[in-house]
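Engineer:
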């Protein structure tokens, strides 16, 4: 297996309630202007802008970024004196205002402390700020800022008594026999959720396993719909299920004629539903491992992490059927497409972290060294798959 690393810089920016267009740099400058910028509240927009530029240029933590901005093809740029950073987020090109150190605490506070919701975690805080602002080592700053919050305790959850009083006031009643308090795991919509992990409800999976083989296309579509509900737990689901999806096509008779391949696929899917693994909650402070594989008809991937003792913990699976045009691609094109599609799928988790991509297709390692920069340009240079190990 061949590995190649990709380092994501940590980005970020302010909460969605601010409703600031990510491309409107001038609006972002106005947004973060503080009373100290105004010198007696007579400062106009141009003076505010000039003051902000001076803050950027005089900040030692941004000197390296300013130097990089003078090099073409870099994510940093200086336009009209303002230092900015450009990033692709979920396929959208976003221009971020680079914040000097004197402005960062206020942005972190606004993004982290949401009224009526409480204090958000590292991942949510980062998601709320990444569309407008950026600064070097933002991931580290977000982590340290979130660690200053008070740790949750059992006493913090005893407000349930207040909820009961409100129910009583409006005449609502509950059955204590159906209530559970202080649980570390709960059943929710066919899943077992809790303790930083989630898995399918075994009772629901067993029901699917005991289903008889469908005799009509309608029954088959119903089975595939139920199985697809747990597709995130089944590696290469799209490829495995392909012989059955072919039976649902218009040209196939309504009364199904099962081939040996289709029958084996039906049994395999039911077996996979029983063997579905437990998936774990990601830890954004740890590196990610992305395993990818492409076949002639589908692509698949798994993102995972290692715990303290080195055990590999799967986080999520991804699979996708290829279109007729994509099926004509070369093997190398298919494998490269698989990597990029998986990174887009898991963007929310791996954004801002370090990731190792693992593939069994050796030519991909040559692409990272010899292909034009734009060939692997998913995040404007920050997802450049280089550094073969």
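Numbering (the UniProt record's numbering), first residue to last: 1 to 389.
All C-beta atoms in this analysis are idealised placements derived from N, C-alpha and C, irrespective of residue type, glycine included.
1) Under the rule that 16 or more other beta-carbon atoms within 10 Å means buried, what is residue 60, buried or exposed?
2) When you compare only the Cα positions, how much space is there between residue 329 and residue 352?
3) At 4 residues or longer, what runs of the alpha helix (DSSP H) sit wholly inside the region 120-151?
4) Going by CA-CA distance only, name the one from 207, 65, 188, 345 that's closest to residue 199.
5) So, are the CB atoms of residue 274 and residue 209 less than 8 Å apart?
6) For residue 292, which beta-bridge partners are listed by DSSP?
7) Which residue comes first and which comes last in the beta strand (DSSP E) that contains residue 87?
8) Rounded to whole angstroms, what's the CA-CA distance from residue 225 to residue 350? Just pull it up for me.
9) Do you know how far the Cα of residue 337 is from the Cα of residue 227?
10) Which whole-angstrom value is the C-beta distance of residue 25 and residue 84, which I expect to be below 8 Å?
11) Indicate the three-state DSSP secondary structure (helix, strand or coil) for residue 73 in the structure shown.
12) From what residue to what residue does the alpha helix (DSSP H) around residue 284 run?
13) Identify whether residue 109 lies in helix, strand or coil by the three-state DSSP scheme.
14) Among 270, 238, 162, 266, which has the Cα closest to the Cα of residue 206?
15) Who are the Cβ neighbours of residue 286 in its own chain at under 6 Å, not counting the five residues just before and after it?
16) For the beta strand (DSSP E) containing residue 318, name the first residue and the last one.
Structural biologist: The short version:
1) exposed
2) 31 Å
3) 122-129, 138-147
4) 188
5) yes
6) 301
7) 82-89
8) 29 Å
9) 26 Å
10) 6 Å
11) coil
12) Neither: residue 284 is in no alpha helix (DSSP H) and is coded neither H nor E.
13) helix
14) 270
15) 305
16) 312-321
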